[in-house]
Amino acid sequence: MARHPRDRTLVLHIGIHKTATTFLQNVLSSRRYDLLREGVLYPAAGTADGIDTRTREGAQSGHILFTRFGPRRPRVLADLYKELPDSASTVLLSSENFSLPRPTSVAQYLNGLSEFGTVKVVLVLRRQDEWIESWYKQTVDQYGNFETRSFDEFLELEGPSLLDFHARFTPWRDLVGPENFHVLSYDDLDGASICRRILEVAGVGGPLLDDATSIPVPRYDSVRSIDTLGLRILNSYRLKSRDARIAAAKSIYSAAPVSDIELMTPEVRAGIQAFCAPINQRIEAEWCTEPVPGFRFGSAPRAASASSSPPTGPEVVDYIDQVISLCEEARERAESAEGGDGGDGGSAA
Amino acid sequence: MSASLDQRSRPSASGVLAGVAVYTMFSGDPTQLLQWCNFHLNAGADRLYVMLDRPSPELLQLLPDTPDIHWHAVDQETWSAVYPPASRNVERKQVDGFRQMARLAVSHGHEYLAFVDADELIMLYEPFSDIAARFPEAPVFRLKVREMWYDDSTSPTEPFAATLALSRPTARRVDWNRAFGWRAQFLRNGLLGHDAGKSIYRLPLAAGELSVHTALSPPVVAKTAKVPSASGGLLHYDCGSVATWNMKWSSRLAGSTVATGKVAPQRWALQRLFSHELRQPPEVQETFFRDFFSLDQEAQNLLDAEGILERLDVRETTSGPLPLGSASTRPAATALTRLPDPHDRVDFQFAFVCDKRFVKPTFATMTSVLAQVGDKGSVRFVVLGDGLDATDFTRLRALEHTPYDVQVVVHDITADLDQDVGTEDAKRATFGRIYLIDYLPEQRTVYLDGDVLATRDFTELFALDLGTACLAGVSDSAALRIVANPTRVPIEQRNRLVGITNGEPLEYLNGGVLIFDLDNPDFRALALQARALVVMQGPALKQRDQDALNLVFSGRKYRLESKYNYMTQFYASDRCLDGDLVRLKYDAADASLIHFSGKTKPWESPTDEFYNGLYRRLVAAAEEQVGVSCEFYFSKPAPPARHHWPVQRWVETLGSAPRPPAPPKPSTDIAIVDLCDEGAYLKLSSKMYELVRAGDLRLVAYARGETLFEVPLERLSPQQSHLSERVTPALRTLPFDLATMLADCDGVARHVEFAVASRVSDTHVRFERWIGVIDVLAAGTVATSDLLHEAGIDGALEAVSDGWLTGWVRPHAEAPEVAISLYIDGELAAQRLARPTKKDPSEEGHTRAFRFNVANLIQLGYGQGGDVSVGVSATTIPLRGSPLRISDAGRELRFDAARDTWVQPPREPNAGRLRVRRGLRRAVVRIRDRVRPKIEGSLPQRR
């Protein structure tokens, strides 16, 4: 049955990063046809599988192209409407990049999507001490800005604009209205439960709700703390070639000691918790429909359970030596590749 | 008291307010309320409407039940039911309450209603009916305000005991400085409070016009009658009594009442002044009150000579008919509140003033001071900033994270400087010294310019016996030169310094290093005088703040040795080549405080000049000792010892700038965007929507003072995202059948007011939050364009062409823009602001044009073969030419206003060919624009 756009609902899962988004997106991609049978379109439009340059397998950022405002946006929107079958009453878009702090207004994300009569937003939050550490690791791994800062420095400079989730996401809530703004706590739910809640918001019922995450999906493991040490050194080389960088990064993962380091001192963690506690209390009171004890630092950090003795000094020195060697090799390879490609610059010709 | 002032004193007339009802909103001293009521009842007011803001049970018991007064108590629960938590704007509540009471007054048959505050009395010298008769067309009567002051012989124990009425001068410039002394800096156009006056409104008047001071729309303002002073005016007892003053300002400073309208800078300054006084013991507060709010004989004579002062004693008219009781039994104001002092005393307090350019140097000065005195005791730095941002605040506060016991307090004085100094002066921040008296915790303070560095411990300045002096500093270099060799000083400068110091030029202190002895009881009054001098007579002072301090503290100054302000520019110049200055130069060279006073600053100039090198060495040593970096070109980077940071340091760092950008505050919590036969379109903030969901709120419509209909707001639809771009974000629909609602008035209602209110209950008196008024509200077949003229609007559709629907509208007022709504099949599809059209400006006046892309909307799925209708938003009346059938929206049609029908326009000869040619030309231009850059890029450059 043909539907008027304003009779349809748009569900935006906006992240945040490091809250099982990749797992969810992999599940939802795999369930695309099951979802369509339920009247929910999880579109192919707006995804960027073809340009993935991540260092680890299984990575994706969902409908990342909808979070960009370049000249390709009209095309992406057109692709979505072309893909939209009459039978679909709901469109589900997921990208954690919707939640990136940007100078632009959040309303701009809905430009071109505003024909949907109802827009619902699902936001998954995570206690900030764990989240910022995880986000830092990803930032170092993603190579975008050649991130070389230590965790402390990163926290000092970026923390103030990242950790106040209430201030960051109030504009989203105002944009869609309180009844259409759904907040979940990563610390109180596992990936399957988050997926279930998102599907419930999208209007999915029946067996798919319980069954959605039973499908095998690619694993996308997180970076370890020790890896950030090597990756920061790699980033300082500022390799232009992404391929060379990815190859070097994979070698650096392999070279890392088995045991891991702590990025955060107890004072840092306590400082984050003291700063964020009133913010989270407010979020729980105003935004959440059920208690979220984990989000209010009510449980021990997940990483703590996996702690082991840190690498010894010689292990770290060996690791850094190896990393430097790998980086030097990568640079030489990249330079020689550039020279070979350049053609007209060589004197031997 | 001059004889002429007594002769011109007039008693208050009785019965003059016959025919007038008076409204106020009250919170405060019960005596004030009872006296306010008595005055107006004695003046013959028909009825008083008093909205009691969160009254105590004791007050409610005191208030007599009388038909002359309508008491309307509103408790906190009721406020919270209709205003979101962050809304503390008292003016908004006052106006909403006034509009509610105005409806009531209409239903009670009153023709005139005044809006005054509870510290204002309407004083007329002739019956209002006579005044009204002279202005038969006037919808509003504006009363000029007169500020009440105390005669210094009157006891300020009653709220309306002040007896001197001061008018705003009309033409002549009054020497306020002479009359009021240092208090003059807080006056605005000669008055202490507002100078906008208050109004008596003729009812019924569109509720949207009813406001705090006067009507809002230009046509009504144009017809407003200004009541001549000879006929009376408004007496403003801003002073009140000691008790009401204490209560009012304590409440404001505590933040329980907040005026969010435009508050004059003088008012802020007054608030800062009072915040200091309210921290004093009750007897000191009372003394201050008497000093501040009383006019001595000289002031009275001066103002009397200007013809702007009158003696008016209303006390006899405030004692009854409502019983006040005897002094022992009357409801007493609570004891004077004493605000807590937010500051603890520290061992050493320093003050600075800086703008953005001087943040780093000021930080360097603070660092050098801390390096020298930080281990001697607790330190507080008070910094007044001009145009600083959050990053600057963070930088200055970085010293708090050093091992020393130091507190950094930064205040923003940008608005004060904008007001008092202007924006032209590049060095205006130095004038900030005069505002230090507003901000400094009360203890001896050393002020330092941002180009001063400490070379050794100088804490002896905090123990120095200043005798009777309360300001200390070093003689200015110009003064030294005058004494050493007067002929080498320009005559103008010489005369200025000699004049300021009464012939003792060495008494002229340089402002770079000063001791402000706030422990001296006289300091505060003198500092306020200096502040007044700059605010009132700044342009007349060459070195404004420095001159002002030297003038005002004359005879109360103490001269420090030159080693406490060694001015490098002076001693390094050729002026010190002879005589005593050479000796002084070398005697003081081993200075404790070096003032790098040259025009070229050492942090800007990497030259080898001696004092530049000295500055670098001193700063580097201080950085090393304190463990910070001033971030100069020669500074070492600060060691990032974050892993040693304690928890609190992290908390402060994470709470510092840059924070996420604050979301723009919605201009209103709730507003009517449009109405149609199917209901209303409302814009609600998230907070207001939550309030609606939490309580049983209703949209209430009134006409002729009576309820027209009520609709529960629980019926609100979800947010209409699809209208967020084409109409407005946060839009919701409230469905109801308007035709049914208007059935009792044959489908048309006029001057319909809308309010949000809770359901009537037994436990709470209802408060109605006013949200809008509609001139003409019509529904169904009655809603035709014939009603447009009733709403003072004209407008029509013009044509439909290429899918675009165009039209024009002429609103009743010269509004810059007017909103037009497009409905398709009865559903709001778009809203546009109609803008002024250029065509025929002479006749069309304020005609506005608009257009809608109807074809696009139909393509989006709007309409199932019905009609397209256009109207001015929130009128429910269609423009002429509406409705248009959807099937016609794709055709080429023109609306023939004369025949009131849509017609096909005559086909232009060759129209088709012209259209093709235009299309081709556009295509060629497009292709050319796209291809040309590529072609040009690949072609060899022409030589």
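Sequence order for the protein chains is A and B. According to the working numbering, the residues represented by the first sequence are 1 to 349, in order. According to the working numbering, the residues represented by the second sequence are 1001 to 1943, in order. Beta carbons: idealized from backbone N, C-alpha and C, even for Gly.
Endpoints, the alpha helix (DSSP H) within which residue i is located
| i | result |
| --- | --- |
| A:Pro266 | Pro266 to Trp287 |
| B:His1276 | Pro1265 to Glu1277 |
| B:Pro1361 | Val1359 to Val1373 |
| B:Asn1495 | Ile1491 to Ile1500 |
| B:Phe1098 | Val1090 to Ser1107 |
| B:Cys957 | Look at the range of chain B in this structure, 1001 to 1943, and you will see that residue 957 of chain B is not part of it. |
| A:Gly191 | Gly191 to Val201 |
| B:Ser1212 | According to the sequence shown, residue 1212 of chain B is Val rather than Ser. Looking at the DSSP string, B:Val1212 is not in any alpha helix (DSSP H), and its letter there is neither H nor E. |
For residue j and residue i, the rounded distance between their alpha carbons
| i | j | result |
| --- | --- | --- |
| A:Leu229 | A:Ala274 | 27 Å |
| A:Ala167 | A:Pro101 | 11 Å |
| B:Leu1336 | B:Ala1254 | 14 Å |
| B:Tyr1112 | B:Ile1200 | 6 Å |
| A:Gly271 | B:Thr1501 | 56 Å |
| B:Trp1182 | B:Ala1530 | 8 Å |
| A:Arg31 | A:Phe295 | 29 Å |
| B:Glu981 | B:Pro1883 | For chain B, the structure presents residues 1001 to 1943; residue 981 of chain B sits outside this window and is missing. |
| B:Phe1632 | A:Leu155 | 25 Å |
| B:Glu1768 | B:Glu1120 | 25 Å |
| A:Arg73 | B:Leu1682 | 31 Å |
| B:Leu1205 | B:Leu1143 | 18 Å |
| B:Gly1240 | B:Ser1319 | 16 Å |
| B:Phe1128 | A:Phe181 | 57 Å |
| B:Asp1392 | B:Val1651 | 18 Å |
| B:Ser1328 | B:Tyr1150 | Annotation note: pLDDT 49 at B:Ser1328 (below 50); position unreliable, coordinate value reported separately. Rounded to the nearest angstrom, the two C-alpha atoms are 24 Å apart. |
| B:Leu1017 | A:Ala107 | 54 Å |
| A:Glu335 | A:Leu184 | 47 Å |
Close-in-space but distant-in-sequence residues of the same chain around residue i (CB under 8 Å, 5 per side omitted)
| i | result |
| --- | --- |
| B:Gly1208 | Leu1216, Ser1217, Gly1772 and Val1773 |
| B:Val1626 | Thr1367, Leu1370, Ala1371, Gly1374, Leu1399, Thr1402 and Tyr1404 |
Beta-carbon gap between residue i and residue j smaller than 8 Å
| i | j | result |
| --- | --- | --- |
| B:Asp1947 | B:Val1534 | With chain B represented from 1001 up to 1943, any question about residue 1947 of chain B goes unanswered, as that position is not in the structure. |
| A:Leu93 | A:Leu10 | yes |
| A:Pro178 | B:Ser1686 | yes |
| B:Asp1046 | B:Gly1019 | yes |
| B:Gly1807 | B:Ala1779 | no |
| B:Leu1514 | B:Val1552 | no |
| B:Ser1785 | B:Leu1879 | yes |
| B:Phe1348 | B:Val1379 | yes |
Residue range of the unbroken beta strand (DSSP E) whose run includes residue i
| i | result |
| --- | --- |
| B:Cys1354 | Phe1348 to Asp1355 |
| B:Arg1311 | Leu1309 to Arg1311 |
| B:Gly1385 | Val1379 to Asp1386 |
Own chain partners of residue i with C-beta closer than 7 Å, once the 5 adjacent residues on each side are dropped
| i | result |
| --- | --- |
| B:Ala1299 | Ala1179 and Phe1180 |
| B:Gly1890 | Gly1803 and Ala1855 |
| A:Val317 | none |
| B:Val1711 | Arg1698, Leu1699, Leu1734 and Phe1736 |
| A:Asn97 | Ser61, Ile64 and Thr67 |
| A:Ser305 | Interpretation of A:Ser305 is limited by its pLDDT of 46, a score under 50 that renders its predicted location unreliable; no figure is taken from the coordinates. |
Integer-rounded CB distance, given that residue j should sit under 8 Å from residue i
| i | j | result |
| --- | --- | --- |
| B:Tyr1558 | B:Ala1622 | At roughly 28 Å, the Cβ-Cβ gap does not stay under 8 Å, so B:Tyr1558 and B:Ala1622 are not in contact. |
| B:Ile1877 | B:Ala1791 | 6 Å |
| B:Leu1048 | B:Val1090 | In fact, because the Cβ distance is near 20 Å, the residues do not count as touching under 8 Å. |
| B:Tyr1823 | B:Ser1869 | 5 Å |
| B:Gln1831 | B:Arg1726 | 7 Å |
Close beta carbons around residue i, own chain, < 6 Å, minus the five adjacent residues each side
| i | result |
| --- | --- |
| A:Glu130 | Pro301 |
| B:Leu1436 | Ala1351 |
| request: Please list the residues of the stretch 1703-1719 of chain B that have a C-beta atom closer than 9 Å to any C-beta atom in chain C, keeping them in chain order. | output: Structure shown: chain C not included; protein chains present are A and B.
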